[in-house]
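Enquirer:
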Amino acid sequence: MRKLAIIGLCLVILGVWAVAQNESKPQLAPTTPLPQQSAQEQNQNAQPQNTQQNAQKPSAPKEGTLSVEGQYMGFFSRGEGTLTLKGKGMFLLSDLQGSYSVSGFTLQEQLPRGVQIPPQWRGRIKIYYGNGTLTLKGKYDALRGNFRVATIQFRGNAAFNLSGVGKGNNSGKEITLYPQATQTVLVPEPKWVTEDTDVAPVPKVKSR
Numbered sequence: 011m012r013k014l015a016i017i018g019l020c021l022v023i024l025g026v027w028a029v030a031q032n033e034s035k036p037q038l039a040p041t042t043p044l045p046q047q048s049a050q051e052q053n054q055n056a057q058p059q060n061t062q063q064n065a066q067k068p069s070a071p072k073e074g075t076l077s078v079e080g081q082y083m084g085f086f087s088r089g090e091g092t093l094t095l096k097g098k099g100m101f102l103l104s105d106l107q108g109s110y111s112v113s114g115f116t117l118q119e120q121l122p123r124g125v126q127i128p129p130q131w132r133g134r135i136k137i138y139y140g141n142g143t144l145t146l147k148g149k150y151d152a153l154r155g156n157f158r159v160a161t162i163q164f165r166g167n168a169a170f171n172l173s174g175v176g177k178g179n180n181s182g183k184e185i186t187l188y189p190q191a192t193q194t195v196l197v198p199e200p201k202w203v204t205e206d207t208d209v210a211p212v213p214k215v216k217s218r
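Sequential numbering of the sequence shown, starting at 11, is according to the working numbering.
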């Protein structure tokens, strides 16, 4: 029963997340045709645009590291990088653009009775159960797990929702897991989280 409930919960959450993603997409207004330009005018306009694009090309995002170890862990992650997951439990992997390897876990090809994968997720998700190791490299839309004992090692850029009993380290900063409170961990931590905010001085009030 516990195994069936965990699989069902994972699928329900993924379904709600997919609906929210579709509803949040902005609707594009109809476009009107633009007046045609001559080839000479197009070349003249393209040159400054190319120069601006080269000057404004963003640098590669800074990578961070995350190391977490605990018991009764529940987690959800989305990002890009290299991740190693070890432990005993169940995880669901969706839309991986990269490669992964599994040892010890068993692919759940036949789901428990009463549990169905939504049509939009068929062929896009894989569910594993057991005691083993997962290693993945690339970009993934969803990695959700429920583990009795687990260790997570990650390097790259991602967001994690974590709960359980344990401790970890996010790019040099210690974190603590709590069993009844889910916390969001960004890897690496953005500057607006780590920087101290400037507090304006309070004016002194002269006493009469």
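Each residue gets a CB set at the ideal place from its N, CA and C atoms; glycine is no exception.
One question on the structure: do V195 and L93 come within less than 8 Å of each other, judged by their Cβ atoms?
Expert: No, Cβ-Cβ distance for V195 and L93 is not below 8 Å.
Enquirer: Based on Cα-Cα distance, which residue from S173, N179, E199 lies nearest to M83?
Expert: Of the listed residues, the one whose Cα sits closest to M83 is S173.
Enquirer: Tell me the rounded alpha-carbon separation between L106 and D151.
Expert: Cα-Cα distance, rounded: 7 Å.
Enquirer: Indicate the three-state DSSP secondary structure (helix, strand or coil) for K72 in the structure shown.
Expert: Correct three-state label for K72: coil.
Enquirer: Note down, in chain order, each residue of its chain lying with its Cβ closer than 6 Å to the Cβ of I185, except the 5 sequence neighbours on either side.
Expert: So the list reads G178, once near-sequence residues are dropped.
Enquirer: I want to know whether the stretch 109-127 touches the stretch 137-151 - three or more CB-CB distances under 8 Å.
Expert: Touching, yes, given that three or more Cβ pairs across the two stretches are closer than 8 Å.
Enquirer: By Cβ distance below 6 Å, which residues in the same chain neighbour E90 in space, the five residues on each side in sequence not counted?
Expert: K149, G166, N167.
Enquirer: Give a yes or no on whether the C-beta atoms belonging to G176 and G97 are separated by under 8 Å.
Expert: Cβ atoms of G176 and G97: not closer than 8 Å.
Enquirer: Using beta-carbon positions only, say whether F157 and S87 come within less than 8 Å of one another.
Expert: Against a cut-off of 8 Å, the Cβ pair of S87 and F157 comes out as no contact.
Enquirer: What ranges does the alpha helix (DSSP H) occupy inside the stretch 129-209, keeping only unbroken runs of at least 4 residues that lie completely in it?
Expert: If we require 4 residues or more, the alpha helix (DSSP H) runs fully inside the stretch 129-209 come out as 201-204.
Enquirer: Tell me the rounded alpha-carbon separation between K147 and G108.
Expert: Taking the straight line joining both Cα atoms gives about 6 Å.
Enquirer: Three-state secondary structure (DSSP) at G91?
Expert: Reduced to three states, the DSSP call for G91 is strand.
Enquirer: Apply the 10 Å Cβ neighbour rule to Q126 and answer buried if 16 or more other Cβ atoms are within range, or exposed otherwise.
Expert: Q126 should be labelled exposed.
Enquirer: Give the DSSP-derived three-state secondary structure of G97 in the structure shown.
Expert: Reduced to three states, the DSSP call for G97 is strand.
Enquirer: Whole angstroms is fine: what's the gap from G74's alpha carbon to S104's?
Expert: For G74 and S104, the distance between alpha carbons rounds to 22 Å.
Enquirer: For G108, write down the residues that DSSP places opposite it in a beta bridge.
Expert: In the DSSP output, where bridge partners are listed per residue, G108 has G148.
Enquirer: Pull the bridge partners of L117 from the DSSP assignment, please.
Expert: BP columns for L117 point to Y138.
Enquirer: Just to confirm, is the Cβ distance from L78 to I162 under 8 Å?
Expert: The sequence as given places Val at residue 78; Leu does not occur at that position. Taking 8 Å as the Cβ cut-off, V78 and I162 qualify as a contacting pair.
Enquirer: In this structure, what does DSSP give as the bridge partners for Q81?
Expert: DSSP lists V159, V175 as partners of Q81.
Enquirer: Just checking T161 against the ligand PLP - is the residue's beta carbon closer than 7 Å to any of the ligand's heavy atoms?
Expert: As presented, the structure is devoid of all ligands, the ligand PLP included, so that no description of it is given.
Enquirer: When you compare only the Cα positions, how much space is there between Q111 and P122?
Expert: The identity of residue 111 in the sequence shown is Ser, whereas the question assumes Gln. Approximately 24 Å, taken between the alpha carbons.
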